[in-house]
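Residue numbers (this note's numbering), protein chains in the order written: chain A, 195 to 390; chain B, 195 to 390. Report on the following structure.
There are 2 protein chains.
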Amino acid sequence: MKKVSLLILAALALAAQTVADGPRYNADGALQLPKNYREWIYLSSGLGMTYGPAASANTQNPAFDNVFVNPTSYRAFVETGHWPDKTTFILEVRNATEHGSINNGGHFQSDIRAIEAEVKDEKRFPQKWAFFGFGRKDVGTPNPATSSCNQCHGANAAVENTFVQFYPTLLEIAKTKGTLNASYLQKSAEAAPAAH
Amino acid sequence: MKKVSLLILAALALAAQTVADGPRYNADGALQLPKNYREWIYLSSGLGMTYGPAASANTQNPAFDNVFVNPTSYRAFVETGHWPDKTTFILEVRNATEHGSINNGGHFQSDIRAIEAEVKDEKRFPQKWAFFGFGRKDVGTPNPATSSCNQCHGANAAVENTFVQFYPTLLEIAKTKGTLNASYLQKSAEAAPAAH
């Protein structure tokens with residue numbers, strides 16, 4: 195009987211782990227940086243991505259950005275094309291190095307420059323999704339609901355409030371499941387060359 | 195007793211899962227592409243990385259490369275700074291897109307251009323590590339032991355036969371565990387500016 199109890203406990207602990215990757219907050223509402231986000235599901239990277247005018251691009255000192263999502267939400271998205279409540283994205287910004295070891299051209303990743311997060315927490319945030327800046331710290335303060343992050347994601351995101359258009363494996367899933375935002379589809383159609 | 199047996203079976207199945215992410219080969223020695231490598235541990239990305247002369251860099255059409263490693267081997271490396279037998283790296287090469295959605299500068303990732311793998315399999319390969327090219331297929335043929343991949347990794351790798359110098363989180367672990375190759379340390383010292 196003891197063995198059974200121990201195994202049941204172990205099974206319960208494993209089950210708990212699978213939903214334990216949601217957001218955790220301090221008493222003041224700051225988001226705790228998930229310590230193991232590098233072991234979450236990787237979505238994609240960019241280098242020097244620039245959402246404003248091209249002239250504002252930092253071409254001299256571009257940064258890599260790596261995006262990770264909590265595994266529980268990833269599995270839900272693969273099944274449904276939707277993000278469940280408690281979905282947490284981590285955006286890791288890293289310096290880009292050109293010359294090092296045997297690399298003579300292009301860029302590879304070096305030190306962390308900053309970390310940001312996007313969280314879906316329907317009860318906590320009236321706008322459902324919120325953005326957090328960590329800088330180099332392990333707690334992130336929430337941006338106001340009127341922040342440029344909220345506004346730009348709200349206007350341009352491919353799925354719900356997230357930039358799935360930049361995550362190639364998820365974009366295919368969203369197309370298959372039919373969960374692309376109507377506003378995204380409309381803008382994509384306008385941007386595509388007219389068929390003659 | 196039945197419950198105990200079922201739970202033990204479940205526990206054994208879980209244990210088996212944790213070592214089930216090693217290499218699988220066809221009868222002809224070709225490596226099967228692990229279907230879920232995108233859910234493995236992400237190590238890092240580069241854009242347009244060039245190991246030959248800088249003049250050979252493809253600056254007009256650079257590619258992203260994303261590196262993933264099987265979770266079992268990752269956990270062993272975090273503990274020891276060494277790669278266990280059956281370690282499998284997947285190198286995913288993706289096209290880089292500059293203009294799309296709201297991106298006006300820099301690059302984000304789009305379609306897969308090619309996939310490669312590096313595998314440590316001590317009994318199968320006299321040189322312990324082997325390299326495989328998949329192209330866009332789901333089976334990869336092994337490169338000969340004299341391939342440029344083997345030679346360049348053998349001469350320049352930071353840890354065993356792997357380019358840990360380009361994986362920032364693992365490089366820190368290797369430094370702490372003291373598992374950097376002597377040849378890598380010597381080249382790094384020679385490349386560093388002399389202390390005066």
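Don't be surprised by glycine CBs; every beta carbon is placed ideally from N, CA and C. Given the structure is predicted, the values throughout are model-derived calculations rather than measurements.
Short Cβ contact (8 Å threshold) for residue i with residue j
| i | j | result |
| --- | --- | --- |
| B:GLN321 | A:SER238 | no |
| B:LEU374 | B:VAL353 | yes |
| A:ALA257 | A:ALA214 | no |
| A:GLN262 | A:TYR236 | In the sequence on display, residue 262 of chain A carries Phe and not Gln. Yes. |
| A:ASN220 | A:VAL333 | yes |
| A:ASN344 | B:ALA248 | no |
| B:TRP367 | B:VAL287 | The sequence given here has Ile at residue 367 of chain B, not Trp. The answer is no: Cβ separation not under 8 Å. |
| A:PHE357 | A:ALA351 | yes |
| B:GLY216 | B:THR282 | yes |
| A:ARG241 | B:LEU241 | Just to set this straight, residue 241 of chain A is Leu in the shown sequence, not Arg. A contact, by the Cβ cut-off of 8 Å. |
| A:PHE326 | A:ASN337 | yes |
| B:ILE306 | B:ARG269 | no |
| A:ILE284 | A:ALA308 | no |
| A:MET243 | B:GLY300 | yes |
Cβ of residue i within 8 Å of any chain A Cβ
| i | result |
| --- | --- |
| B:ASN375 | no |
| B:PRO278 | no |
| B:ALA270 | no |
| B:GLY300 | yes |
| B:ALA368 | no |
| B:ALA383 | no |
| B:ALA386 | no |
Cβ-based burial, residue i [other Cβ within 10 Å; buried from 16]
| i | result |
| --- | --- |
| A:ASN218 | One detail in the question is off: residue 218 of chain A reads as Arg in this sequence, not Asn. Exposed, by the Cβ-count rule. |
| A:PRO362 | buried |
| A:ASN260 | buried |
| B:GLY372 | exposed |
| B:THR266 | buried |
| B:ALA324 | buried |
| B:GLU316 | exposed |
| B:GLU233 | buried |
| A:ASN355 | buried |
| A:ASN264 | buried |
Closer than 7 Å: residue i CB and nearest the ligand FAD heavy atom
| i | result |
| --- | --- |
| A:ALA339 | The ligand content of the structure shown is nil, which means the ligand FAD is not present either. |
Interface flag, residue i vs chain B, CB-CB below 8 Å
| i | result |
| --- | --- |
| A:ILE235 | yes |
| A:SER329 | One point to set straight first is that residue 329 of chain A is Gly, not Ser, in the sequence displayed. No, A:GLY329 lies away from the interface with chain B (no Cβ there is under 8 Å from its Cβ). |
| A:ILE296 | yes |
| A:LEU241 | yes |
| A:THR244 | yes |
| A:PHE258 | yes |
| A:GLY275 | no |
| A:ALA248 | yes |
Three-state secondary structure (DSSP) of residue i
| i | result |
| --- | --- |
| A:MET195 | With a pLDDT of 48 at A:MET195, under the threshold of 50, the modelled position of this residue cannot be trusted, and the question is left open. |
| B:LEU379 | helix |
| B:TYR361 | coil |
| B:GLY275 | coil |
| B:ARG232 | helix |
| B:HIS301 | strand |
| A:ASN289 | strand |
| B:SER239 | strand |
| B:MET270 | Looking at the sequence provided, one finds Ala at residue 270 of chain B rather than Met. It is helical. |
| B:GLN345 | helix |
| B:THR340 | coil |
| A:ILE367 | helix |
| A:GLU312 | strand |
| A:ALA324 | strand |
| B:ASN260 | strand |
| B:ALA214 | coil |
| A:ILE306 | strand |
| A:GLY372 | coil |
Under 9 Å (Cβ pairs) to chain A, residues found in the stretch 303-323 of chain B: GLN303, SER304, ASP305 and ILE306
Could you list the residues in the stretch 337-363 of chain B with a C-beta less than 8 Å from some C-beta on chain A, going in chain order? CYS346, ASN350, ALA352, PHE357, GLN359, PHE360, PRO362 and THR363
In the stretch 214-239 of chain A, which residues sit with their C-beta less than 7 Å from some C-beta in chain B, listed in chain order? ARG232, GLU233, ILE235, TYR236, SER238 and SER239
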